[in-house]
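Student:
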Amino acid sequence: MKAKLGMSPIAWWNDDLAELSDDVSLEECLRQSRSAGFTGMEMGRRFPNDPAVMLPILKAADVTLCGGWFSGTLVDEEMAANKDRIQPMIDLFKAVDAPCIVYGEVGRSIQGDRSKPLATKPKLTSDEMKAYARRLTEFGEWCAEQGMPLSYHHHMAAVVETEPELDAFMRHSGEGIPLLLDAGHLAFAGGDVLRAIDNHHKRISHVHVKDVRMDVIDKLDRTKQSFLDAVALGAFTVPGDGSLDFGAIVQRFADHGYEGWFVVEAEQDPRKNPPLKMAEVGYKELMRVMTDAGYTVETQGFPSA
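Okay, structure coming up:
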């Protein structure tokens, strides 16, 4: 089985918490990640939107674009508006041969609002979840028809956060909307990561190997503290530095035959947790557990042809 290891630039620059950002260029971010061993990087705010500009930067760094976040609003907003907003991203990702666009629902979400406690996260009724899942399936099918598949990201403080919400979304949606399984977000939400992989492995197309510090999460007052408060306190980290057993998690993916990207996405204070050091810790741990699980990790970055 083959696997690819990527990173998210959120370890260097945080779009929601400016104070958790390191003042490094895109080129330096890519250089550090590649020097740690990663061959892919998800898109961040300092990436150019022109493929003619992006491709030479990726080539020079010897990395590929392995995904990127789209802020979807299908829980409230019309399909046409989301299609209009995602079309330039589809065109860009096709031009640089990215594997997928990560769909993150921001409609009704409190993930970016530090004034909203975790306990006030939005909840959908059963009928709302059914309708939402159908819309996402239709949207995912349309994006795939344009040549760029989506991968749906369940997320803390959003309408699909908990394991029961994820199960309901998956039950009412179809194969047209694949799943991004994020170990850290599911664990933060109180879910069972291994059970979720067992239940939804047939639709998982992308994986975020985000670790958590459960001692930080367990101390949160969810009636007063927000998702961003939790991030600032250090709720997330890289594999090998947190509470999750990635040996068991990666083995479970292997048991179900998953092949593809495992992306380290760990937003935390770069002053307390230098991104290069964290990248090296995460890569070392992932290589250990990937080897144990029987994966061959691809080492080629930017295509040589």
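Under full-length UniProt numbering, the first residue of the sequence shown carries the number 1, and numbering increases by one thereafter. Built from N, CA and C at the ideal position, the CB exists for glycine as well. Being a predicted model, the structure only gives us computed values, none of them experimental.
#1: Let me make sure I understand the geometry here. Which of Leu17, Pro9, Ala11, Met7 has the alpha-carbon closest to that of Asp229?
#2: Could you spell out where the alpha helix (DSSP H) holding Gly184 opens and where it closes?
#3: Please classify Asp76 as buried or exposed, where buried requires at least 16 neighbouring CB atoms within 10 angstroms.
#4: Which of the three DSSP states, helix, strand or coil, is assigned to Leu92?
#5: Considering Ala3, what are the terminal residues of the beta strand (DSSP E) in which it resides?
#6: Taking contact to mean 3 or more Cβ pairs, one atom from each stretch, closer than 8 Å, check whether the region 161 to 173 and the region 209 to 218 are in contact.
#7: Can you check DSSP and say which residues form a bridge with Ile101?
#8: Starting from His155, follow the alpha helix (DSSP H) in both directions and report where the run begins and ends.
#9: Does the distance from the CB of Val263 to the CB of His208 come in under 7 Å?
#10: Could you round the C-beta distance between Glu259 and Lys2 to whole angstroms and report it? I think they count as a contact, below 8 Å.
#11: Return the chain-ordered list of same chain residues with a C-beta closer than 8 Å to the C-beta of Glu27, the five sequence neighbours on each side being excluded.
#12: Taking only the alpha-carbon atoms, compute the straight-line gap between His256 and Leu179 and give it to the nearest angstrom.
#13: Return the CA-CA distance between Arg271 and Ser304, expressed in angstroms with no decimal places.
#14: Grab me the residues of Asp182's own chain with a C-beta within less than 7 Å of its C-beta, minus the 5 sequence neighbours each way, in chain order.
#15: Which runs of the alpha helix (DSSP H) fall wholly inside the region 190 to 247 and span at least 4 residues, in chain order?
#16: For Lys224, which residues in the same chain have their Cβ closer than 7 Å to its Cβ, ignoring the five residues on either side in sequence?
Tutor: On the basis of the data shown:
#1: Nearest option by C-alpha distance: Leu17.
#2: Note, Gly184: alpha helix (DSSP H), 183 to 188.
#3: exposed
#4: helix
#5: 2 to 7
#6: no
#7: Leu150
#8: His155 -> no alpha helix (DSSP H), and no H or E assigned at all.
#9: yes
#10: 5 Å
#11: Ile57, Ala60, Ala61, listed in sequence order.
#12: 15 Å
#13: 35 Å
#14: His153, His154, His208, Lys210
#15: 193 to 200, 214 to 218, 227 to 233
#16: Pro117
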